[in-house]
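Using the numbering used here, the first residue of the sequence shown is number 18, and each one after it goes up by one.
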Amino acid sequence: MNLEDLTGRTAVITGAGSGIGESVARQAAALGMNVALADVSPARLDTVAAGLRADGHTVLAVPTDVTDAAQVDALADAVYAAFGSVTLLHNNAGLESLGNTWEVPADEWRRVIDVNLNGVFHGVRSFLPRMGADPQPSHVVNTCSVGGIAITPRMTAYAASKHGVQALTECLYLECAATFPQIRVSVFNPARVATRIFEDIDVHDETAADAGYWREEIRGGMSPGSAAKALFDGLSRGEFWILSHPEDFERLAAKRARVLSERLTPDAVFDGRN
Ligand SMILES: NC(=O)c1ccc[n+]([C@@H]2O[C@H](COP(=O)([O-])OP(=O)(O)OC[C@H]3O[C@@H](n4cnc5c(N)ncnc54)[C@H](O)[C@@H]3O)[C@@H](O)[C@H]2O)c1
18 MNLEDLTGRT
28 AVITGAGSGI
38 GESVARQAAA
48 LGMNVALADV
58 SPARLDTVAA
68 GLRADGHTVL
78 AVPTDVTDAA
88 QVDALADAVY
98 AAFGSVTLLH
108 NNAGLESLGN
118 TWEVPADEWR
128 RVIDVNLNGV
138 FHGVRSFLPR
148 MGADPQPSHV
158 VNTCSVGGIA
168 ITPRMTAYAA
178 SKHGVQALTE
188 CLYLECAATF
198 PQIRVSVFNP
208 ARVATRIFED
218 IDVHDETAAD
228 AGYWREEIRG
238 GMSPGSAAKA
248 LFDGLSRGEF
258 WILSHPEDFE
268 RLAAKRARVL
278 SERLTPDAVF
288 DGRN
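Put into structure tokens, the structure is as follows:
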């Protein structure tokens, strides 16, 4: 993707009310793109949209729960009605969850899979046919995580959802190459980025210690602006794998490769966290 050539084009970002999505929206707008912002929180969406409009950017803000296929269809209808085409679709909305597998409340488990995995599917389902009907080049990037290749106990719902996003995105890459060659597909695998993701989790007695650990980890992480810059750098280089912390990714990928190729049990490479 040529970043010099994005003026007047359109970016759609889910989870745009906070953190990585908010920063991606700001950088897309700074590149001259129209930005279509989607988030389940109308209040967060209003704040981000108002800030961008005050800076003179063209913004469409559509309150959207990505777990609801009909709402994501309505988002796509609104974006195409407003702007006519989409050059960047960023399926990014996500949330965290902690706890041993058997401790996670059933509704929390379903919500995490629904937002993190089904939300990405809904974005693809609603936008890809229209992007595919447009001969102009375009790009889909799905926010996964280093958690999409790591094994992190007591973060099982999140890990399961993100391993799903990883698989979905690799399948989608091959499907687009075969059917819509003008659409490039990338996966974004951030590590620690200082957002509110662990502030928003439900903390139970059993998960309080882990919540404290991860909140500290994240607070000391990369800024969302730097993560968004890593994303646009990766897009400009045409990368499939876009990383915020390549060294973390390589360490975790090496462990995963060993477990699979040598058929080890998970404890053989486990270091206390992943
Ligand atoms: N922060 C990190 O260290 C980190 C690391 C790896 C991956 N990620 C991923 O990055 C993505 C963005 O997370 P973030 O860290 O910026 O967190 P964040 O909490 O700051 O932002 C996530 C946004 O998603 C929105 N959202 C939640 N449920 C939604 C739904 N059903 N529909 C629409 N929007 C919804 C929230 O309201 C919020 O504004 C997530 O997919 C997350 O898993 C983050």
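Every residue gets a Cβ at the ideal spot worked out from N, C-alpha and C, and that includes glycine.
Remark: the shortest separation between the CB of Asn109 and any heavy atom of ligand 1 falls under 6 Å. In the structure shown, Phe257 falls within a coil segment according to DSSP collapsed to helix, strand and coil.
Apart from the 5 residues on each side of it in sequence, Val220 sits with its Cβ closer than 8 Å to the Cβ of Leu115, Ala228 in its chain, given in chain order. Distances from the CB of Ile218 to the heavy atoms of ligand 1 are all 6 Å or more. A distance of 7 Å or more separates the beta carbons of Tyr190 and Val182. CA-CA distance, Arg236 to Pro207, rounds to 14 Å. The bridge partners DSSP lists for Met172 are Gly116. With respect to the C-alpha of Ser178, the residue from Thr81, Val132, Ala211, Pro80 having the closest C-alpha is Val132.
Counting along the chain, no alpha helix (DSSP H) covers His262, and no H or E run does either. DSSP places Val103 in no alpha helix (DSSP H); its state is neither H nor E. Going by C-alpha positions, Phe197 is about 15 Å away from Glu187. Looking at the DSSP output, Thr81 bridges to nothing.
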